[in-house]
Amino acid sequence: MEARYNPAAIEPKWQQYWQQLALDRTPELPAPGQRKFYALSMFPYPSGNLHMGHVRNYTITDVIARVKRMQGYAVLHPMGFDAFGLPAENAALDKGIPPAQWTYQNIAQMEDQLRRLGLAYDWERKVVTCHPDYYRWTQWIFLKLWEAGLAYQKEAAVNWDPVDQTVLANEQVDSEGRSWRSKALVEKRMLKQWFLKITHYAEELLQDLEQLRGWPERVRVMQENWIGRSTGAEVTFTTEQGDPLLVFTTRPDTLWGVTFMVLAPEHPLVEKLATPEQAAAVKDYQQAAARRSEIDRTAEDREKTGVWTGSYAINPVNGAKIPIWIADYVLMGYGTGAIMAVPAHDQRDFEFARTFGLPIQVVVQPPDTPPNTDIDLTAAWTGGGVMINSGPLNGIPVGKGEGESVAQAIAYLEAQGLGRRQVTYRLRDWLISRQRYWGCPIPMIHCPQCGLVPVPESDLPVLLPETVQITGRGGSPLAQLPEWLQVPCPRCGAPARRETDTMDTFIDSSWYFLRFTDAQNQTAIFDPEKVNTWMPVDQYVGGIEHAILHLLYSRFFTKFLRDQGLLTCDEPFLRLLTQGMVQGLTYVNPNRQDKDRWIPAARVRWDEQNQPRDPETGELLQVMYATMSKSKGNGVDPEDVLRHYGADTARMFILFKAPPEKDLEWDEADVEGQYRFLQRVWRLVFEEVHGENLPSGDPGAGKELRRAIHTAIRAVSEDIEEGYQFNTAIAELMKLSNALSDSPLKGSPLYREGLETLVVLLAPFAPHISEELWHALGKGDSVHRAPWPRWDPEALLVDTVTMVVQINGKLRDQFQAPANADAATVQQLAQQTEGAKRYLENRSIKKVIVVPNKLVNFVL
RNA sequence: GCGGAUGUGGCGGAACGGUAGACGCACUAGACUUAGGAUCUAGCGCCGCAAGGCGUAAGAGUUCAAAUCUCUUCAUCCGCACCA
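Spelled out as structure tokens, the structure:
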């Protein structure tokens, strides 16, 4: 046994031992009567190297999985790789390595890193999304979606990323109109693309958020906003030309206040509505709007623009003839792409009316204005009041949300056959086709005779050819492979061609958690008993950046597969923990702008006073913590930490430094502190093992030590159970270590029991050192198979307690009292303290509050 | 603008409505050392010699008692944002 703690020596040794024991293998199914627990981290993209964010994510889940396992659960804790995606194509371009080769190399490398971190994964269940064993089932799901009518192709104005040369889903374009990956400004293009009908589940995806009590509130709110449900009515106006013009409104009660209509520039009716006089202006405006990117359209400080088509429409409720305009503040993608404008009660319409001198008709009387006067608005009135100038609605109060007036308006519209109640969502169908090579091929065939024909299930997988020429130019390289492209039509046998688009990688990750339950299945996507036993994921851990994309898509797939009869659960992830970012020490030049502000640590110049300075300008730099990133040059490589301190220290530091959901500042001194703690535990054990300790024979200390041991068991168990408070759990381990270190009972059986308890409690956090110490203490088998200790309530009992004396709620003294003493006794003891005497002299006590074992409060 | 969250020592962070600052880092003093960035002992919210007073972003309220509950304000972070 080594005299000093040397992680480099013990960590590989035990990792090998665990592999021999097959310690981390999960049973196919839990044993009869055994409870299951499914712990899952978001699987990584195989970039080649783990970063600290990964380490934090996986460590958190690993501790949860290990504790559950020690508590007797059958634990499913798998890992895999989200392996399709653009970086592989970029690497192929840069380095001339085929994407597949690059990806599998990276996977091997990362797998090795994960093993060295001591993460307890069942690697037999590894899932790699770019492997045909996996993606044949991705394709199979696509076919099911096609059969169910939830996959379709349509020509649409889509987001085109000019850098990555592909289209993107709405979810993949940020609020500035940039690609989530390339950060390029996204353009709108009309293209024929594949979509999945996620909107079919809009209502359920919204409603079921209610069930997800174990999710962070903000993630639920983000999804709620993204789905964006609004209720109102659909109303049919009629154009002069006699065409019906459908609008959606949340305020059908203001129909009598409509003074004009606005269509989105892309609205299909615009061509027909443009009069000869206005045609040129309309065309110009349409073209300008098409050129304008999403960012211009929203960032322009809300300056309203628009053009009159020259035509009119008839308001169905009062026959009013109102002009039809086009303007880019109306979006083709929402509602019907056309609005009825009520400038008096909608701020956007108000601004538009002001800009173009259009009339404003008030139909809601604000509460504090005298009736029957001209109301001169300086802004749209969107508050409550009473309906006026509105025919059958006059006199009806306007409430919040769907108040009285809205309900009445809808009833009126439905009775008259002019419109109907309608619910609209912001959620759009999911655009899933990508003009990229390294992705899952869409299993469809274009036949000149039969049209779109699905690849028969028996022909799956549609293999992605692995030897192709990646050019980096637009268009899929698959189109350049005639032998792959050309196939006979499965239906009629005529020469046909394969679909060359591949699927969005988010599809691959929308069901991987299901495959883990039966990863090796060669004949079915998964076995129903297995999937329904292990699902749902009990604890999912990952970054907040997936709050919408991945989590929403996964929920959608789960619901779809449930409706296919393949699953019984409604929601995939019972509890979600979004872990905080890992931040690194960062040097900032406050005088510089943007990216140049960040000075990588390696480039910082240190002056004589040891102050950080800009290497070029010599300016004093600001020191702060910021999320680790390449551009800031403030990252810490997990490899360096592993080499320097070992996996156990890295894990301990990460868990101790901050609660899991908060950001974590990577501080070398604190890492050092954790290393010292492990070293102290090491010394404590080996001093005992080497017989350096002799019992001093103080019998009174036994009770105290026993209490310390059981207090630690309880505190660590509860801290983990109640919201994964690993930081305080480790603090409790430190307390126990301190108590053992100070104990006069070294060398006694009780002391040894204390050490064993410390080692077992430490095991989920620092698995290697715990195993070493466990064996050093002469225990057989693995510490990770030891049952999680239970605390004995008896051991927690005390004879005397320290109680405090308060006078009017202010702390004045403290005293020792027998545990659970009655109020009268305690009050008497309290009154005898110096602090109490001083304040109670010559004063009458109005009231005494006694909190058992805690305090006595005298109210004067 | 709308929505969500967070404000506690020098720092990270603890506190079922009941002794604010657990645990750790940093720091200070001492011990042991050839040395120490090792280890051990002690101290460590602020003011004060002390007694004591003041302290959880600010202000009010509820309560015998508030970091914790309620209201108002401020600050910071995050998400959404012309969604009809």
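Numbering-wise, the numbering used here puts 279 at position 278 of the first sequence, and it's gapless, one number per residue. Backbone N, C-alpha and C define an ideal beta-carbon position, used for all residues, glycine too. Source: prediction; values computed, not measured.
Tell me, to the nearest whole angstrom, how far the beta carbon of residue i is from that of residue j; I am working on the premise that it is less than 8 Å.
i	j	result
LYS127	ALA75	Rounded, the Cβ-Cβ distance is 19 Å, inconsistent with contact.
GLN423	GLU235	4 Å
PRO455	LEU151	No, PRO455 and LEU151 are not in contact; Cβ-Cβ is about 13 Å, not under 8 Å.
ALA831	ALA824	Actually they are not in contact, since the Cβ atoms of ALA831 and ALA824 sit about 10 Å apart, beyond 8 Å.
ARG435	VAL168	7 Å
GLY86	TRP439	6 Å
ASP539	ARG563	Rounded, the Cβ-Cβ distance is 18 Å, inconsistent with contact.
VAL399	VAL365	5 Å
Using three-state DSSP, classify residue i as helix, strand or coil.
i	result
ILE549	coil
HIS447	strand
GLN584	strand
THR712	helix
GLY543	strand
ARG219	helix
GLN279	helix
GLY358	coil
LYS838	helix
THR569	coil
ARG252	coil
ARG516	helix
ARG182	coil
PHE85	coil
PHE44	coil
LYS96	helix
LYS704	helix
TRP309	strand
LEU622	coil
Kindly identify the DSSP beta-bridge partner or partners of residue i.
i	result
THR503	ARG435, PRO442
LYS322	ILE315
ILE600	TYR588
ALA158	MET191
ALA342	PHE261
ARG576	GLY215
PHE196	TYR153, LEU432
ASP814	VAL806
LYS848	VAL860
Spatial neighbours of residue i within its chain, please: CB distance less than 7 Å, with the 5 preceding and 5 following residues excluded, ordered by chain position.
i	result
GLU301	Because the pLDDT of GLU301 is 48, which lies under 50, any placement of that residue in the model is unreliable, and the number read from its coordinates should be weighed accordingly. Same-chain partners within the cutoff: there are none.
PRO496	GLN487, PRO489
VAL324	Strictly speaking, residue 324 in this sequence is Pro, with Val absent from that position. Result list for PRO324: PHE261, TRP309, TYR313, in chain order.
LEU880	Residue 880 lies beyond the stretch modelled for the chain, which goes from 2 to 861, so this question has no answer here.
Please work out which residues of its chain come closer than 6 Å, Cβ to Cβ, to residue i, disregarding the five sequence neighbours upstream and downstream, and give them in chain order.
i	result
SER1	What the structure shows of the chain is the stretch from 2 to 861, and residue 1 is not part of that stretch, so it cannot be assessed.
LEU30	THR534
ALA381	HIS346, ASP347, GLN348, PHE351
VAL682	SER738
ALA101	GLU467
THR501	SER477, LEU479, ALA480
ILE870	As displayed, the chain neither begins before 2 nor continues past 861, which places residue 870 out of reach and without an answer.
VAL642	ALA651
In chain order, what residues of the same chain have a beta carbon less than 8 Å from the beta carbon of residue i, not counting five sequence neighbours either side?
i	result
ARG179	ALA185, LEU186, VAL187, ILE296
SER845	LEU861
LEU453	GLN154, MET445, ILE446, HIS447
SER783	TYR18, TRP19, LEU22, LEU24, GLU772, TRP775
TRP103	ALA89, ALA92, ALA93, LYS96
HIS132	ALA84
Pull up the distance between the alpha-carbon of residue i and that of residue j, whole angstroms please.
i	j	result
GLU352	PRO344	7 Å
VAL33	TYR122	In the sequence as displayed, the identity of residue 33 is Pro instead of Val. Rounded to whole angstroms, PRO33 to TYR122 spans 23 Å at the Cα level.
ALA659	TYR135	37 Å
ASP175	ALA548	13 Å
VAL271	ASP664	51 Å
ASN91	SER183	12 Å
LYS780	ALA648	23 Å
LEU274	LYS322	14 Å
GLY396	GLU218	40 Å
GLU572	MET536	9 Å
MET111	ALA408	59 Å
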